[in-house]
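Colleague:
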Amino acid sequence: MNTQIDHVNKSYGQGESRSRVLKKISLTIEEGSICCLLGPSGSGKSTLLNILGGIDRADSGRVQVGNIRVDALTARQQIDYRRTHVGFIFQFYNLIPNLTLRENIESGAYLSRHPLDLDEMVATLGLRDHQQKFPNQVSGGQQQRAGIGRALIKRPSLLLCDEPTGALDYQTAKEVLLLLQKINRLYGTTMIIATHNQALARISHEVIRLHDGGVKDHMRNTAVEEAGSLNW
Ligand SMILES: Nc1ncnc2c1ncn2[C@@H]1O[C@H](COP(=O)(O)OP(=O)(O)OP(=O)(O)O)[C@@H](O)[C@H]1O
Ligand SMILES: [Mg+2]
């Protein structure tokens, strides 16, 4: 099912320092899409991801992910929602340093009702030869691949990525995009990716531009490109 938000408002701060970050935003993202979220720094990309992921709450408006009304969840239900339905990928990987890459990936399956096969995931990620290493023994790209595996092993219906290639060099960033595209095709996972990398728009089915607290543009891309052939 689709991800849909309706008239979502979000402000931070009080009184004089109060700033409206999201102003009555409405949009629908189709199930199975790769959706790229662009916009200048401070335009609310991370805020929107956090609201969709049940990390933060909108002040008002409706947030629906599949058949779940995320805005109506209690704190307890929010935890369960995050655990069951949402995968997060961050710019700086957030791996657990004293677990191997394999164990880090495995930790994402904890409490999942229907996790993917760990060996298969390790292979899909191209990490077979590195799985017994610790995060500080591998490259940034390999760490990010483990981060992706940890988010995906529980089979989330929604994968939220905040600057997934922000800390990576060109070649490694490209490998990560290739992997995200492969996983989207393999598992049909809906992906929402906040980024400053415009090239991401070309492998996305939908492109949303945020500006000044609103949706400036929502484009459906009819000519999705292969991540392998991207240059930027
Ligand atoms: N917890 C918070 N408390 C106060 N203000 C916040 C908080 N989180 C975000 N903001 C403010 O909300 C605005 C939007 O922030 P957000 O992080 O969503 O932007 P962004 O589009 O992700 O930017 P960037 O591209 O730099 O990551 C910014 O002005 C930021 O300072
Ligand atoms: Mg951000």
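Numbered according to our numbering, the sequence shown spans residues 1 to 232.
We put the beta carbon where it would ideally sit given N, CA and C, even for glycine.
#1: Tell me, please, which residues DSSP counts as bridged to F134.
#2: DSSP three-state label for K174, please.
#3: Looking at the structure shown, is G61 part of a helix, part of a strand, or coil, going by DSSP?
#4: Ligand 2: which residues have Cβ under 6 Å from any of its heavy atoms, chain order?
#5: Is the Cβ-Cβ distance between I105 and M121 less than 8 Å?
#6: Since I believe D56 is in contact with N50 (beta carbons under 8 Å), could you give me their beta-carbon distance rounded to a whole number of angstroms?
#7: Can you tell me where the beta strand (DSSP E) with G214 in it begins and where it stops?
#8: Classify E163 as helix, strand or coil using the three-state DSSP reduction.
#9: If we define contact as Cβ-Cβ less than 8 Å, is A72 a contact residue for chain E?
#10: Can you tell me which of I34, E225, T190, K154 puts its alpha carbon nearest to the alpha carbon of S112?
Modeller: The short version:
#1: Bridge partners of F134: none, in fact.
#2: helix
#3: strand
#4: K45, S46, D162, A194
#5: yes
#6: 4 Å
#7: 214–220
#8: coil
#9: Structure shown: chain E not included; a single protein chain is present.
#10: K154
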